[in-house]
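Chains as they are written, first to last, in the UniProt record's numbering: chain A, 1 to 192; chain B, 1 to 192; chain C, 1 to 192; chain D, 1 to 192. C-beta atoms are modelled at their ideal positions from N, C-alpha and C, and glycine is treated no differently. Quick caveat, the model's predicted, so the values are computed rather than measured. Everything below concerns the one structure shown next.
Protein chains: 4
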Amino acid sequence: MTQARAPRADAVRNRKKILVAAGEQITAHGPDVGMDEIAAAAGVAVGTLYRHFPTKTDLVAAVVAEYVARVADDAEAAFARVADGTGRALDELTAFLGRVVEQSATDRAVKAAAHALGTQPANHADEDRAGRAVAALIRAGQADGDVHPDVTVNDIYLLFSTAPTDQPPTARARWLTLVTPGLTAQARQAES
Amino acid sequence: MTQARAPRADAVRNRKKILVAAGEQITAHGPDVGMDEIAAAAGVAVGTLYRHFPTKTDLVAAVVAEYVARVADDAEAAFARVADGTGRALDELTAFLGRVVEQSATDRAVKAAAHALGTQPANHADEDRAGRAVAALIRAGQADGDVHPDVTVNDIYLLFSTAPTDQPPTARARWLTLVTPGLTAQARQAES
Amino acid sequence: MTQARAPRADAVRNRKKILVAAGEQITAHGPDVGMDEIAAAAGVAVGTLYRHFPTKTDLVAAVVAEYVARVADDAEAAFARVADGTGRALDELTAFLGRVVEQSATDRAVKAAAHALGTQPANHADEDRAGRAVAALIRAGQADGDVHPDVTVNDIYLLFSTAPTDQPPTARARWLTLVTPGLTAQARQAES
Amino acid sequence: MTQARAPRADAVRNRKKILVAAGEQITAHGPDVGMDEIAAAAGVAVGTLYRHFPTKTDLVAAVVAEYVARVADDAEAAFARVADGTGRALDELTAFLGRVVEQSATDRAVKAAAHALGTQPANHADEDRAGRAVAALIRAGQADGDVHPDVTVNDIYLLFSTAPTDQPPTARARWLTLVTPGLTAQARQAES
DNA sequence: TATGAATGAGTCTTCATTCAT
DNA sequence: TATGAATGAAGACTCATTCAT
Numbered sequence: 001m002t003q004a005r006a007p008r009a010d011a012v013r014n015r016k017k018i019l020v021a022a023g024e025q026i027t028a029h030g031p032d033v034g035m036d037e038i039a040a041a042a043g044v045a046v047g048t049l050y051r052h053f054p055t056k057t058d059l060v061a062a063v064v065a066e067y068v069a070r071v072a073d074d075a076e077a078a079f080a081r082v083a084d085g086t087g088r089a090l091d092e093l094t095a096f097l098g099r100v101v102e103q104s105a106t107d108r109a110v111k112a113a114a115h116a117l118g119t120q121p122a123n124h125a126d127e128d129r130a131g132r133a134v135a136a137l138i139r140a141g142q143a144d145g146d147v148h149p150d151v152t153v154n155d156i157y158l159l160f161s162t163a164p165t166d167q168p169p170t171a172r173a174r175w176l177t178l179v180t181p182g183l184t185a186q187a188r189q190a191e192s
Numbered sequence: 001m002t003q004a005r006a007p008r009a010d011a012v013r014n015r016k017k018i019l020v021a022a023g024e025q026i027t028a029h030g031p032d033v034g035m036d037e038i039a040a041a042a043g044v045a046v047g048t049l050y051r052h053f054p055t056k057t058d059l060v061a062a063v064v065a066e067y068v069a070r071v072a073d074d075a076e077a078a079f080a081r082v083a084d085g086t087g088r089a090l091d092e093l094t095a096f097l098g099r100v101v102e103q104s105a106t107d108r109a110v111k112a113a114a115h116a117l118g119t120q121p122a123n124h125a126d127e128d129r130a131g132r133a134v135a136a137l138i139r140a141g142q143a144d145g146d147v148h149p150d151v152t153v154n155d156i157y158l159l160f161s162t163a164p165t166d167q168p169p170t171a172r173a174r175w176l177t178l179v180t181p182g183l184t185a186q187a188r189q190a191e192s
Numbered sequence: 001m002t003q004a005r006a007p008r009a010d011a012v013r014n015r016k017k018i019l020v021a022a023g024e025q026i027t028a029h030g031p032d033v034g035m036d037e038i039a040a041a042a043g044v045a046v047g048t049l050y051r052h053f054p055t056k057t058d059l060v061a062a063v064v065a066e067y068v069a070r071v072a073d074d075a076e077a078a079f080a081r082v083a084d085g086t087g088r089a090l091d092e093l094t095a096f097l098g099r100v101v102e103q104s105a106t107d108r109a110v111k112a113a114a115h116a117l118g119t120q121p122a123n124h125a126d127e128d129r130a131g132r133a134v135a136a137l138i139r140a141g142q143a144d145g146d147v148h149p150d151v152t153v154n155d156i157y158l159l160f161s162t163a164p165t166d167q168p169p170t171a172r173a174r175w176l177t178l179v180t181p182g183l184t185a186q187a188r189q190a191e192s
Numbered sequence: 001m002t003q004a005r006a007p008r009a010d011a012v013r014n015r016k017k018i019l020v021a022a023g024e025q026i027t028a029h030g031p032d033v034g035m036d037e038i039a040a041a042a043g044v045a046v047g048t049l050y051r052h053f054p055t056k057t058d059l060v061a062a063v064v065a066e067y068v069a070r071v072a073d074d075a076e077a078a079f080a081r082v083a084d085g086t087g088r089a090l091d092e093l094t095a096f097l098g099r100v101v102e103q104s105a106t107d108r109a110v111k112a113a114a115h116a117l118g119t120q121p122a123n124h125a126d127e128d129r130a131g132r133a134v135a136a137l138i139r140a141g142q143a144d145g146d147v148h149p150d151v152t153v154n155d156i157y158l159l160f161s162t163a164p165t166d167q168p169p170t171a172r173a174r175w176l177t178l179v180t181p182g183l184t185a186q187a188r189q190a191e192s
């Protein structure tokens, strides 16, 4: 037992490998990748995969949860920059939106898989974390007079969920351009 | 003669029934509905379904094509209203966008299915028709000074393809509100 | 009714067309050709095909029967030549065998189909006709001292049924060369 | 440990069971037996069958390959007896032919299935082995003056491929009697 | 009567999940 | 515990046969 290699460490490492592989495979080959393929990509046998995730649904849920966690981290970092005066709220908000859209890596394919399998959002903690950070960002932007007063966290989520993640970068950039005015105060005032 | 069921008529009716059922089933239960289920929903046997569409891919392609045709009709009607002075271009454009988004009936699920099956857009005629009508609408709006000068047909398509068709009506309405400023001249000028 | 075209004539012509097409299709594409393909090749609709042959089995049986009839004709002609002194029995016998082997047209594929479908040999009349003619040929050859005394009609059938009809002409010719000695008197005496 | 079922051993045993069952089923019920039936006959589930042979074609190819291997073994054993003086070449050759014909077990039905599925002869090694042994047998027989000088390996193959394996033993014996003279030197010389 | 659309049981194959080793 | 072979339900597709027109 004292001989260096911790037993849990392997399990943890396996879990990570599986999660990563699952994300990659689903992204690359669509939501219908087989469990065998994911296992192979992770370098483990199916049995091992099932030890960590009793169901395909569970696996996908975990992948989605990971993604949510990353998004939450990103949102919090963005707000931190606003809080300490490094960044301006509206800019951070759109940049954040942009970054999320850029991450084709774990994208709509994953969400489609989640949807197809009826996954329930598992990790409320991370979701809340993300939600709070975004809300703070929005409030800051509104305080600046940059973000339209009626914008809510749900609006950002709505845009997330409709981002063209599976399209080429130019399309994604253009989408951002088209969508940003809807968030700004002036633009919406401009329409009468 | 008037009470006789026409022979070809039945086939035509079956084709229609299948198309409708396929749209519904795919929309309701996702792209992975079985052909048997579609057939059952259409009230025919699988064999009949396969007589009309030799492949699931073909069936989905046909459903998509139908959808495209309806969109093309809608776009042309919208432009017609602009042409005869009944409607204003920007309004027609956003209303058109709104209508497309409203049609959850044949929506993203269908397109996801199409994507998953690698369907090639078959009906270029209808696609072109839709494209021309939308382009005309945009040009008219730009002539009015309402639509931003750099807006193109592809922008509209981009918004189409990211519309939250599978979300509740309020979300869809909100999405439209958020997205519209990106198309207007003033709003985009308002951003500096 | 007196207007020239006889109604039965068409039916007979159709039957013939179907029979020919069935032979061709089975030969060309194996015993698993669909009834639709046979019907198409015959230039009729499946329904018509089924009017003439209530079952695929029946159709194949009919094709086989046709083949048997042709073989019977051939055997009788061969014996006729022997009877009127035009031909020598052994030569006619081997030539007959050769001709049968040459007819790849309606060949093993048909018989395999027949076998697969459990067809019972239908046309005893033609079979008997062929059997009698071959028997006569054999007896004549034995009277000449050319054909080995123990050769029977069944031997000829055995060779028929094992002829390499689906192989290239050179192989078929070689087969004939290898097989003929077994029928001749001298050759078999030569083995001790 | 001695009473434990070995893990790999099971897989190997399954493979064998499947191969045997496939041979039997195809022989018994023709090339069109369902994979389900073969699996049932082998006492495994279809999935297992497909794990071992990804395709029906592969399965049939494997059955054929097994058969070829057995024939190669037989031919080599026959030649070994000739080489060490235990047997006479012509006798061994015809006995070999006889044995092959006797093996109705894996016979024409299998080859027909192979043909129908477009199987490519996979195991060239075994084919070559068989070919070499048969060639050696022929050469030895020719050296003895027993086998006709123009006989080649292809002749033997030709006879193989036309052997009446699906007929009763008496018919097979008779066929051998009829066919043997074609291979002997004297018999063929006897014909002029 | 000929047509060809409709039927539906059956075929091959896949894949999430279980379980013996 | 990790492995990977086995399971078997389910899906796409075929085709002999029936039947309305």
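I need the straight-line Cα distance from residue i to residue j, nearest angstrom please.
i	j	result
B/Glu24	C/Leu117	43 Å
A/Ile26	A/Val110	6 Å
A/Leu158	A/Arg70	18 Å
A/Val147	A/Asp36	47 Å
A/Asp166	A/Ala113	14 Å
B/Gly81	A/Ala83	It should be noted that the sequence gives Arg, not Gly, for residue 81 of chain B. B/Arg81 and A/Ala83: Cα-Cα distance of roughly 51 Å.
A/Gln3	A/Val60	Any reading at A/Gln3 needs caution, since the residue's pLDDT is 49, under 50, leaving its predicted position unreliable; the model's value is listed next. Rounded to the nearest angstrom, the two C-alpha atoms are 35 Å apart.
B/Ala135	B/Thr152	7 Å
D/Gln120	C/Phe79	44 Å
Along the alpha helix (DSSP H) that carries residue i, what are the first and last residues, could you check?
i	result
D/Val82	Lys56 to Ala83
B/His124	His124 to Asp144
C/Gly47	Val46 to His52
D/Asp36	Met35 to Ala42
C/Asp155	Val153 to Thr162
A/Pro31	Unbroken run through A/Pro31: none, as it is neither H nor E.
B/Val179	Pro169 to Val179
Residue i: buried (16+ other C-beta within 10 angstroms of its C-beta) or exposed?
i	result
C/His52	buried
B/Thr170	exposed
A/Ser192	Because the pLDDT at A/Ser192 is just 48, under 50, the model does not fix this residue reliably, and the value given afterwards should be weighed accordingly. With fewer than 16 Cβ atoms within 10 Å of its Cβ, A/Ser192 is classed as exposed.
B/Val12	exposed
B/Arg8	exposed
residue 211 of chain A	In this structure chain A extends from 1 to 192, so residue 211 of chain A is not present and cannot be described.
C/Ala39	buried
A/Arg99	exposed
B/Asp10	exposed
C/Gly145	exposed
C/Met1	A caution first: C/Met1 carries a pLDDT of 45, below 50, which makes its placement in the model unreliable, though a value can still be read off. Burial call: exposed.
A/Pro164	buried
A/Pro181	buried
D/Thr86	exposed
A/Gly141	buried
C/Pro149	exposed
D/Pro31	buried
Closer than 7 Å by beta-carbon distance: list the chain C residues that pair up with residue i, in chain order.
i	result
D/Thr55	Correct list: empty, because the minimum Cβ distance to chain C is about 17 Å.
Can you pull the chain C neighbours of residue i, defined as C-beta to C-beta under 9 Å?
i	result
D/Thr48	Here the premise fails: no neighbours, minimum Cβ distance about 27 Å.
Starting from residue i, find everything on chain D with Cβ-Cβ shorter than 8 Å and list it in chain order.
i	result
C/Leu59	Neighbours of C/Leu59 on chain D: none; closest Cβ ~18 Å, over 8 Å.
C/Gly182	Thr177, Leu178, Val179, Thr180, Pro181 and Gly182
Chain C partners of residue i, CB-CB under 8 Å?
i	result
D/Asp155	Arg174 and Leu178
D/Ala112	Ala112
Going along chain B, which residues have a C-beta under 7 Å from residue i?
i	result
A/Pro164	Leu158, Ser161 and Thr162
A/Gly30	Ala116
Strictly below 7 Å CB to CB, what residues from chain D border residue i?
i	result
C/Ala135	Within chain D, no residue comes near C/Ala135; the closest Cβ sits about 17 Å away, beyond 7 Å.
Show which residues of chain B have a CB atom less than 8 Å away from the CB atom of residue i.
i	result
A/Pro149	Correct list: empty, because the minimum Cβ distance to chain B is about 13 Å.
Could you work out which residues of chain B lie near residue i, taking near to mean beta carbons separated by less than 9 Å?
i	result
A/Pro169	Chain B residues near A/Pro169: none, gap ~13 Å exceeds 9 Å.
I'd like the ranges of any alpha helix (DSSP H) spanning at least 4 consecutive residues and lying wholly in the segment 85-114 of chain B. 89-102
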